[in-house]
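A.B. asks: Structure provided below as structure tokens; questions to follow.
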Amino acid sequence: MDALNTLTDHQRSVLEQYQNRTYSEDIASSIRILQENNWSIELAEQSSYQNTDSRNPTIYSTNNEQGSPSSTSALLGNSSTSSRRLSNKRFLWIFMWPFSLAWRILGNIFQFTARLLYRPSITAPRRDARTEADRFLRDFESTYGAVHPTFFSEGGYTQALKAAKNELKYMLVILCSEEHDDNDKFCRETLTDIELLDFLHQNQVITWAGNVRYTEAYQVSNTLQATTYPFLAIIALQQTNGASKMSVIDRIEGPVSASSIIRRFDSVISRIGHSLEHLRMERTQRETERRLRQEQDQAYRDSLNADQRKQELLEKKKEAALKAKQIKQEMARKRKQYIQYLCQHALSKKIPEGEKATKISFRLSNGDRVIRQFSGDDTLVSLYEYIEAYSHMDGEMGEKNVSLPEKYTHQYKFTMHSPFPKTVYLPDSSKKIIDEKGLWPSATLIVDTNEGDDDDDEEEEEEETDQEEES
1 MDALNTLTDH QRSVLEQYQN RTYSEDIASS IRILQENNWS IELAEQSSYQ
51 NTDSRNPTIY STNNEQGSPS STSALLGNSS TSSRRLSNKR FLWIFMWPFS
101 LAWRILGNIF QFTARLLYRP SITAPRRDAR TEADRFLRDF ESTYGAVHPT
151 FFSEGGYTQA LKAAKNELKY MLVILCSEEH DDNDKFCRET LTDIELLDFL
201 HQNQVITWAG NVRYTEAYQV SNTLQATTYP FLAIIALQQT NGASKMSVID
251 RIEGPVSASS IIRRFDSVIS RIGHSLEHLR MERTQRETER RLRQEQDQAY
301 RDSLNADQRK QELLEKKKEA ALKAKQIKQE MARKRKQYIQ YLCQHALSKK
351 IPEGEKATKI SFRLSNGDRV IRQFSGDDTL VSLYEYIEAY SHMDGEMGEK
401 NVSLPEKYTH QYKFTMHSPF PKTVYLPDSS KKIIDEKGLW PSATLIVDTN
451 EGDDDDDEEE EEEETDQEEE S
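Heads up: the sequence shown is residues 1 to 471, going by UniProt numbering.
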């Protein structure tokens with residue numbers, strides 16, 4: 001009994017199956033044979049069959065030695081009875097041994113045939129892991145209802161294993177086989193137990209399940225060396241020799257209750273929970289450090305981008321200001337050139353003899369009065385050109401032979417109108433003086449300076465000064 005108490009639930013289950021198959025009542029001998037064969041039922045049975053012939057002669061030899069005359073000289077009558085009983089046992093064993101051997105051989109043949117019959121067909125169309133997972137879920141819910149563990153549905157076994165590794169979670173593998181009598185009760189009662197479902201949810205266990213009828217589940221059963229169904233394996237990330245890998249921590253084969261699964265799972269958590277939590281803390285620390293570096297890098301990039309945008313905006317403003325200044329200076333230069341041209345031509349323009357002329361009296365904004373004759377064929381622009389030249393004749397007459405500036409339209413900074421009735425005359429090059437009744441044969445025009453023109457003149461003078469300094 002002491003040896004029996006040291007066995008795990010899995011080993012006890014294997015021992016019971018072995019004794020049922022071999023009809024052995026010697027617990028110690030059965031445990032020894034199973035230990036010698038690494039708790040493999042098939043290997044232990046084969047070892048038992050091979051040792052049967054060698055074991056029985058030894059027993060008989062021992063019995064013969066015990067019943068020899070040298071050892072039982074005082075008990076001759078009893079010795080005769082013992083000899084008859086031993087002969088009966090020998091005869092019974094010789095008679096039953098062929099039937100026992102045939103029964104065991106037939107049992108092994110049946111198990112082997114069952115594996116071949118229910119092995120997934122290699123000629124059947126292969127479904128992807130996601131499809132098989134969805135099919136298992138539909139079949140389970142159609143038979144046992146919607147109350148069950150949250151089966152992994154984002155892929156197959158490999159994807160579930162990868163998810164458990166990446167997320168540092170426990171993984172529970174469940175393999176079912178409809179050919180086993182315990183399968184229906186296990187699915188209907190154990191996998192729908194609320195206490196088990198709460199336990200798996202609270203511990204964030206990734207649960208992957210499959211039916212060995214299907215290809216992937218069958219391959220998983222071979223990988224995990226499942227021999228009895230239902231089969232459960234608890235898998236978690238373990239560190240071995242400095243390397244981390246997913247390992248099977250515990251395995252449960254055969255019928256099992258929900259409370260037993262919880263108890264086994266609690267045992268696993270108590271054994272490796274601290275190491276898994278340590279891995280989680282390390283990963284959390286690495287993730288925190290990585291996120292902090294990302295935030296710092298992002299803040300640096302944002303600051304660098306902001307500085308670059310500021311610099312680009314500043315350069316654009318400088319470029320725009322410089323361009324505007326250059327345009328303004330160019331306009332001022334062309335304006336000056338145009339006024340110089342007017343001073344040389346408008347002031348010296350003569351009316352041909354015999355041509356009709358009108359006399360215009362201009363009253364300037366500074367109070368001066370200027371009188372000038374214009375030909376009737378002159379346009380209204382001629383009036384403006386004369387006043388523009390007259391206002392600048394003292395300062396703009398220095399250069400000679402000045403030509404008209406290219407691509408330039410002159411803007412006059414004053415207007416003209418008659419005193420009464422007030423009629424404004426604009427610098428229109430399409431209208432002749434002779435066609436304007438108010439200007440023929442004589443007229444008085446008041447010259448009004450536009451608001452802001454004085455400031456513009458000062459700016460132009462400053463720009464002209466800057467141009468002279470730059471040159």
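Ideal Cβ positions, reconstructed from N, Cα and C, are used throughout, including at glycine.
Roughly how many whole angstroms lie between the Cα atoms of residue 445 and residue 354?
C.D. replies: Computed Cα separation, rounded: 25 angstroms.
A.B. asks: When you compare only the Cα positions, how much space is there between residue 380 and residue 356?
C.D. replies: The alpha-carbon atoms of residue 380 and residue 356 are separated by roughly 16 angstroms.
A.B. asks: Under the DSSP definition of a beta bridge, which residues are partnered with residue 379?
C.D. replies: 432, per the DSSP bridge assignment.
A.B. asks: Check each candidate in 15, 25 and 20 and name the one with the smallest Cα separation from residue 40.
C.D. replies: Ranking the options by Cα distance to residue 40, first place goes to 15.
A.B. asks: Just the Cα atoms here: how many angstroms apart are residue 365 and residue 413?
C.D. replies: So the alpha carbons of these two residues sit roughly 12 angstroms apart.
A.B. asks: On a Cα-Cα basis, can you pick out the residue from 411, 288, 4 and 181 that is closest to residue 336?
C.D. replies: Answer by Cα proximity: 411.
A.B. asks: What is the rounded straight-line gap between the Cα of residue 376 and the Cα of residue 432?
C.D. replies: Each residue's Cα considered, the two are about 7 angstroms apart.
A.B. asks: Please classify residue 265 as buried or exposed, where buried requires at least 16 other C-beta atoms within 10 Å of its C-beta.
C.D. replies: Label assigned to residue 265: buried.
A.B. asks: In the DSSP assignment, the beta strand (DSSP E) including residue 150 goes from what residue to what residue?
C.D. replies: Premise fails: residue 150 is in no beta strand (DSSP E) and is neither H nor E.
A.B. asks: For the candidate residues 182, 297, 330 and 102, whose alpha-carbon lies nearest to that of residue 409?
C.D. replies: Selected option, being the one with the closest Cα: 330.
A.B. asks: Under a three-way DSSP split, which group does residue 238 fall into?
C.D. replies: Reduced to three states, the DSSP call for residue 238 is strand.
A.B. asks: Using the beta-carbon count (16 or more within 10 Å), is residue 211 buried or exposed?
C.D. replies: By the 10 Å Cβ count, residue 211 comes out buried.
A.B. asks: Is residue 207 helix, strand or coil by DSSP?
C.D. replies: Correct three-state label for residue 207: strand.
A.B. asks: Please look up how many angstroms separate the CB atoms of residue 173 and residue 235, rounded, as I've assumed it's under 8 angstroms.
C.D. replies: Rounded, the Cβ-Cβ distance is 6 angstroms, consistent with contact.
A.B. asks: Give a yes or no on whether the C-beta atoms belonging to residue 249 and residue 238 are separated by under 9 angstroms.
C.D. replies: Their beta carbons are under 9 angstroms apart, which means residue 249 touches residue 238 by this criterion.
A.B. asks: Looking at C-alpha atoms only, which residue of 385, 27 and 18 is the closest neighbour of residue 6?
C.D. replies: Residue 6 has its Cα closest to that of 27, out of 385, 27 and 18.
A.B. asks: Touching or not, the segment 174-190 and the segment 287-299, by the rule of three or more beta carbon pairs under 8 angstroms?
C.D. replies: Touching, no, given that fewer than three Cβ pairs across the two stretches are closer than 8 angstroms.
A.B. asks: On the premise that residue 421 lies in contact with residue 338, defined as a C-beta separation below 8 angstroms, what is that separation, rounded to the nearest angstrom?
C.D. replies: Actually they do not touch by this definition, with Cβ atoms about 33 angstroms apart.
A.B. asks: Over what stretch of residues does the beta strand (DSSP E) that includes residue 176 continue unbroken?
C.D. replies: Taken as a continuous stretch (DSSP letters only), the beta strand (DSSP E) holding residue 176 covers 171-176.
A.B. asks: Where residue 145 and residue 183 are concerned, what is the direct C-alpha to C-alpha distance, given to the nearest angstrom?
C.D. replies: Cα to Cα, residue 145 sits roughly 15 angstroms from residue 183.
A.B. asks: Establish whether the CB of residue 208 and some CB of chain C are separated by less than 9 angstroms.
C.D. replies: No chain C is part of this structure, which consists of one protein chain only.
A.B. asks: Buried or exposed: residue 383, going by 16 or more other Cβ atoms within 10 Å of its Cβ?
C.D. replies: The residue in question, residue 383, is buried, as its Cβ has 16 or more Cβ neighbours within 10 Å.
A.B. asks: Could you give the DSSP three-state label for residue 213: helix, strand or coil?
C.D. replies: Residue 213: coil per DSSP, three-state reduction.
A.B. asks: Given a cut-off of 9 angstroms on the beta-carbon distance, is the pair residue 22 and residue 42 in contact?
C.D. replies: Taking 9 angstroms as the Cβ cut-off, residue 22 and residue 42 do not qualify as a contacting pair.
A.B. asks: Using a Cβ-Cβ cut-off of 8 angstroms (strictly less than) and excluding sequence neighbours within five positions of residue 47, which residues of its own chain qualify?
C.D. replies: The residues are 33, 36 and 37.
A.B. asks: Please name the residue, chosen from 150, 372 and 155, that lies closest to residue 131 on a Cα-to-Cα basis.
C.D. replies: The residue with the shortest Cα to Cα distance from residue 131 is 155.
A.B. asks: Go through the segment 23-49 residue by residue and report every complete run of the beta strand (DSSP E) that reaches 3 residues or more, in order.
C.D. replies: DSSP runs (the beta strand (DSSP E)) wholly in the segment 23-49: none.
A.B. asks: Could you give the distance in angstroms between the alpha-carbon of residue 428 and the alpha-carbon of residue 434?
C.D. replies: If you take the alpha carbons of residue 428 and residue 434, they lie about 13 angstroms apart.
A.B. asks: Out of curiosity, what's the CA-to-CA distance linking residue 203 and residue 231?
C.D. replies: Approximately 20 angstroms, taken between the alpha carbons.
A.B. asks: Taking 6 angstroms as the limit between beta carbons, can you name the residues of its chain near residue 363, skipping five residues before and five after?
C.D. replies: Same-chain partners within the cutoff: 369 and 446.
A.B. asks: Please report the residue range of the alpha helix (DSSP H) in which residue 228 lies.
C.D. replies: That residue, residue 228, is in no alpha helix (DSSP H); it is neither H nor E in DSSP.
A.B. asks: Could you say which of 196, 267 and 243 lies nearest to residue 9 if we only look at CA atoms?
C.D. replies: Cα-wise, what sits closest to residue 9 is 267.
A.B. asks: By the three-class DSSP mapping on this structure, what secondary structure does residue 351 have?
C.D. replies: Residue state, collapsed to three classes: coil.
A.B. asks: Return the bridge partner residues of residue 392 from the DSSP annotation.
C.D. replies: In DSSP, residue 392 forms no bridge with anything.
A.B. asks: Near residue 151, which residues of its chain fall below 8 angstroms by C-beta distance, leaving aside the five closest residues on each side in sequence?
C.D. replies: These residues qualify, in order along the chain: 133, 136, 137, 140, 207, 208 and 209.
A.B. asks: Would you mind reading off the limits of the beta strand (DSSP E) that contains residue 346?
C.D. replies: Run containing residue 346: none; DSSP gives neither H nor E here.
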